[in-house]
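K.L.:
Residue numbers (the working numbering): 315 to 545.
1. Could you please give the first and the last residue of the uninterrupted alpha helix (DSSP H) stretch that includes residue 407?
2. So, under 8 Å CB-CB, residue 366 and residue 437 are touching, yes? Tell me the CB distance rounded to an integer number of Å.
3. Alpha carbon to alpha carbon, how far is residue 418 from residue 474? Give it in angstroms, no decimals.
4. Quick one, are the C-beta atoms of residue 517 and residue 489 less than 7 Å apart?
5. Return the CA-CA distance between residue 314 and residue 399, expressed in angstroms with no decimal places.
6. Report yes or no: do the stretch 401 to 421 and the stretch 433 to 448 share at least 3 C-beta pairs separated by less than 8 Å?
7. Per DSSP, which residues does residue 499 bridge with? Please list them.
8. Select from 508, 504, 512 and 481 the residue whose C-alpha is nearest the C-alpha of residue 531.
9. Please confirm whether residue 453 and residue 389 have their CB atoms less than 7 Å apart.
10. Out of 319, 320 and 324, state which residue places its alpha-carbon closest to the alpha-carbon of residue 501.
11. Where in the stretch 506 to 538 do unbroken runs of the beta strand (DSSP E), each at least 3 residues long, occur, reported from the N-terminal end onward?
12. Could you check if residue 524 is buried or exposed, using at least 16 other CB atoms within 10 Å of its CB as the buried criterion?
13. Excluding the 5 residues flanking residue 420 on each side, which residues of the same chain have their C-beta closer than 7 Å to its C-beta?
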């Protein structure tokens with residue numbers, strides 16, 4: 315069981331954790347489908363929220379690797395043109411961020427989404443002020459292509475001790491990427507992943523709402539910061 319008394323830094327996933335980006339993602343994939351003359355059902359779109367876009371194009375949509383770069387450009391044009399700001403902040407997230415900030419926690423974003431997009435959306439939606447740093451991939455998603463790379467980038471850029479960090483995310487990529495960097499993950503159940511997916515990946519605990527996530531993070535009385543049970 316994780317001792318939250320040691321946690322001083324919270325890394326948040328973006329899609330499915332801070333924001334419901336499904337409408338914008340669906341619009342961009344609809345444009346991609348029209349361009350290539352293929353149908354992309356809504357349930358398939360949901361599967362592609364979380365993993366890096368190149369992975370989704372090849373392993374979920376079935377594009378050949380040599381086609382993926384062109385397909386990324388088609389998707390990015392549609393997403394940047396109309397889909398990016400269709401994301402909506404999950405109810406309870408603004409209150410959660412304020413609560414954690416007031417409790418002295420430092421907040422960060424670690425997302426597979428291109429960093430430039432994440433920063434613009436956070437500003438537009440009024441959340442940027444709560445975050446010390448926002449880290450993501452480059453536009454081509456060739457740098458920091460895996461979630462583990464993004465999390466390592468945030469840790470190293472900000473000089474964070476993994477033992478004092480907790481990742482909050484909704485997909486197995488968050489859990490596995492955090493574990494590769496010695497960081498535990500709180501799985502959120504209101505996003506795009508399932509309980510089974512998060513438990514199988516090894517999430518330290520699961521939360522049904524942003525409020526419950528805040529309760530678990532700030533439940534310092536349940537353990538000794540130096541390890542073991544409280545005296």
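For each residue, glycine too, the CB sits at the ideal point set by N, CA and C.
P.N.:
Once the coordinates are examined:
1. The residue labelled residue 407 in the question sits at position 93 within the chain shown. DSSP places residue 407 in the uninterrupted alpha helix (DSSP H) bounded by 407 to 416.
2. Sequence index remark: in the chain shown, residue 366 carries index 52 (1-based). Sequence index remark: in the chain shown, residue 437 carries index 123 (1-based). For residue 366 against residue 437, the beta-carbon gap comes to about 23 Å, at or over 8 Å, which does not count as contact.
3. Position 160 of the chain shown, counted from the start, is the residue given in the question as residue 474. Position 104 of the chain shown, counted from the start, is the residue given in the question as residue 418. Residue 474 and residue 418 have their C-alpha atoms spaced approximately 15 Å apart.
4. Counting from 1 along the chain shown, the entry for residue 517 is found at position 203. Counting from 1 along the chain shown, the entry for residue 489 is found at position 175. Yes.
5. Residue numbering for the chain in the displayed model covers 315 to 545; residue 314 lies beyond these limits and cannot be assessed.
6. The stretch 433 to 448 and the stretch 401 to 421 touch, with three or more beta-carbon pairs separated by less than 8 Å.
7. Taking the first residue of the chain shown as position 1, residue 499 is located at position 185. Residue 499 pairs with 481.
8. Your numbering for residue 531 matches position 217 in the chain shown. With distances taken between Cα atoms, residue 531 lies closest to 481.
9. In the chain shown, residue 453 corresponds to position 139, counting from 1. In the chain shown, residue 389 corresponds to position 75, counting from 1. In this structure, residue 389 does not lie closer than 7 Å to residue 453 by Cβ.
10. Against the chain shown, residue 501 aligns to sequence position 187. Taking the Cα of residue 501 as reference, the smallest distance to any Cα among 319, 320 and 324 is reached at 324.
11. Runs found: 519 to 521.
12. Working through the chain shown from its first residue, we reach residue 524 at position 210. In the assembly as shown, residue 524 is a buried residue. Its beta-carbon has 16 or more other beta-carbons within 10 Å.
13. As a working note, residue 420 is residue 106 in the chain shown. If we look at residue 420 and ignore the five residues flanking it on each side, its Cβ neighbours are 322, 323 and 446.
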